[in-house]
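Here's the structure, in structure tokens; my notes come after.
Protein chains: 2
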Amino acid sequence: MNQPSPLNLDLQICRSLYSAANALIRAYRPLLEPLDLTYPQYLVMMALWEHDAVSVKTICDRTRLETGTVTPLLKRLEGKDLILRERSQEDERQRVIRLTRQGRDLKSRAERVPMEMACMELLTPKQGLELQRLSEALYRNAVARTDDKGTA
Amino acid sequence: MNQPSPLNLDLQICRSLYSAANALIRAYRPLLEPLDLTYPQYLVMMALWEHDAVSVKTICDRTRLETGTVTPLLKRLEGKDLILRERSQEDERQRVIRLTRQGRDLKSRAERVPMEMACMELLTPKQGLELQRLSEALYRNAVARTDDKGTA
DNA sequence: TAAAATATTATTGTGTGCAATTATATCGTG
DNA sequence: CACGATATAATTGCACACAATAATATTTTA
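Going line by line, the protein sequences match chains A and B. Take the first sequence: its letter number 90 is residue 109 in our numbering, and every next letter is one higher. Take the second sequence: its letter number 16 is residue 35 in our numbering, and every next letter is one higher.
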């Protein structure tokens, strides 16, 4: 029997996951374009719609993005008048990231995005839940290996 | 009953998938560093180890990366003396991407990477296969929606 | 209390990912 | 055969993703 090499591309889970994630982000693009948001920006906005006036660190935790990514991203959102970046009075190292009125108002338009994504039927609801469960397990284990960064 | 919002971050499959993919790439990093390769570069090298002397398009298809990503990446691999980028004689639009001796020799060192990744036990083998199956389904469906780019 | 350790955000530098576009070559059609 | 359509790789411009580092503030320790 011919044993496939461990380096065989079709055996690489990471390629599957990575390309699927990128493809999924691409699928979001036309839906987010009318909102003038990229996918990571959409993530950040969702975090703020859930809980406004939070620190950069909180946003990083909720979105699972790193500060090196989030800091310039927040600057761009501020440039679009969707958020304000203020200094915290309790702790001057911190920023308080606050939605503007436009930022808050955008939520109602954004509510269509998950619906429209579901309409694409990229996966069945069951498959989606299973994919999420496995992805979460992987994320948790990978993060646990590097440090104790237990995040939501 | 309080119905969670469709914009609830914890319900976003895409966040799970995206963060898991990024975390997995990060897990590869220390293993690929001694080889002086990034993960996408590793993908390209794997494609060439499987089948040497191919076009850029073939590499894009096998790695599922776009030419805008692959072209500069190949230039950097050439800069590391791992590949040669030649013009095809049959069709002058095309490049033939060829492994150098160093490029070929690197394969044996790279064969440890999948083993070492498995040792991390980020998922069970069963979970891994299931994750791959679902990711593949998602990738296929997402790609099919944009065009008929049926790829391996 | 002073100094060391840690936390927060920001920056720097590099490599990606991708939409739109370009230059050139090849293919298809009338 | 000439021309229009398409393909290939490359480029441009923008937004990420992240490791390493830096500036400043806060917490911890002795």
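Glycine is no exception: its CB is placed at the ideal position from the N, C-alpha and C atoms. From a predicted model like this one, the values you see are computed outputs, not experimental measurements.
Between residue i and residue j, which are expected to be in contact by the criterion C-beta below 8 Å, what is the C-beta distance as a whole number of angstroms?
{"i": "B:Leu26", "j": "A:Ala161", "result": "The pair is not a contact, with the Cβ atoms about 26 Å apart (cut-off 8 Å)."}
{"i": "A:Leu36", "j": "B:Leu150", "result": "7 Å"}
{"i": "A:Leu157", "j": "B:Leu141", "result": "6 Å"}
{"i": "B:Leu54", "j": "B:Leu148", "result": "Contact flag wrong, Cβ pair sits at about 26 Å."}
{"i": "B:Gln146", "j": "B:Leu96", "result": "Not quite, the Cβ-Cβ distance comes to about 33 Å (not below 8 Å), so this is no contact."}
{"i": "B:Ala39", "j": "A:Ser154", "result": "4 Å"}
{"i": "B:Glu105", "j": "B:Arg123", "result": "No, B:Glu105 and B:Arg123 are not in contact; Cβ-Cβ is about 16 Å, not under 8 Å."}
Among the options, whose alpha-carbon lies nearest the alpha-carbon of residue i?
{"i": "A:Gln121", "options": "A:Ser107, A:Leu67, A:Gly87", "result": "A:Leu67"}
{"i": "A:Pro91", "options": "A:Asp80, A:Pro144, A:Val63, A:His70", "result": "A:Val63"}
{"i": "B:Thr88", "options": "B:Pro53, B:Asp100, B:Val75, B:Lys99", "result": "B:Val75"}
{"i": "B:Thr119", "options": "B:Glu105, B:Asp100, B:Arg159, B:Arg106", "result": "B:Asp100"}
{"i": "A:Leu56", "options": "A:Ala129, A:Arg152, A:Thr143, A:Arg159", "result": "A:Ala129"}
{"i": "A:Arg48", "options": "A:Met139, A:Gly98, A:Lys94, A:Cys79", "result": "A:Met139"}
{"i": "A:Tyr58", "options": "A:Gln22, A:Leu84, A:Arg159", "result": "A:Leu84"}
Can you say whether residue i is buried or exposed, counting buried as having 16 or more other CB atoms within 10 angstroms of its CB?
{"i": "A:Arg114", "result": "buried"}
{"i": "A:Ala72", "result": "exposed"}
{"i": "A:Arg164", "result": "exposed"}
{"i": "A:Thr82", "result": "buried"}
{"i": "A:Ser127", "result": "exposed"}
{"i": "B:Ala137", "result": "exposed"}
{"i": "B:Asn41", "result": "buried"}
{"i": "A:Thr86", "result": "exposed"}
{"i": "B:Pro23", "result": "exposed"}
Open item on the list: Whether or not the segment 129 to 140 of chain B and the segment 24 to 41 of chain A are in contact is what I'm after, with contact meaning three or more pairs of Cβ atoms, one per stretch, closer than 8 Å; do they touch?
Closed with: By the C-beta criterion, the segment 24 to 41 of chain A is judged to be in contact with the segment 129 to 140 of chain B, since at least 3 inter-stretch pairs fall below 8 Å.
- [ ] Give the residues from the segment 51 to 77 of chain A that approach chain B closer than 8 Å (Cβ to any Cβ), ordered along the chain.
- [x] Result list: Tyr58, Leu62, Met65, Ala66, Trp68, Glu69.
Open item on the list: To be precise: take each residue of the segment 141 to 160 of chain B, compare its Cβ to all Cβ atoms of chain A, and keep it if any distance is under 7 Å. Which residues remain?
Closed with: Within the segment 141 to 160 of chain B, the residues whose Cβ lies closer than 7 Å to any Cβ of chain A are, in chain order, Leu141, Leu142, Gln146, Gly147, Glu149, Leu150, Gln151, Leu153, Ser154, Glu155, Ala156, Leu157, Tyr158, Asn160.
TODO: Select from the segment 21 to 35 of chain A all residues with a C-beta closer than 9 Å to any C-beta belonging to chain B, and list them in chain order.
DONE: Of all residues in the segment 21 to 35 of chain A, the ones placed with a Cβ closer than 9 Å to any Cβ belonging to chain B are Ser24, Pro25, Leu26, Asn27, Leu28, Asp29, Leu30, Gln31, Ile32, Cys33, Arg34, Ser35, in chain order.
Task: Contact set between the segment 98 to 123 of chain B and chain A, restricted to residues whose Cβ is under 8 Å from the partner - done: Within the segment 98 to 123 of chain B, no residue has a Cβ that lies closer than 8 Å to any Cβ of chain A.
TODO: Could you run through the segment 83 to 94 of chain A and flag, in chain order, every residue whose CB is less than 7 Å away from some CB of chain B?
DONE: Contacts with chain B (Cβ-Cβ distance below 7 Å) from the segment 83 to 94 of chain A involve Arg83, listed in chain order.
Open item on the list: Give me the subset of the segment 37 to 49 of chain B whose CB atoms are less than 9 Å from a CB atom of chain A, sorted by chain position.
Closed with: Within the segment 37 to 49 of chain B, those residues whose Cβ lies closer than 9 Å to any Cβ of chain A are, in chain order, Tyr37, Ser38, Ala39, Ala40, Asn41, Ala42, Leu43, Ile44, Arg45, Ala46, Tyr47.
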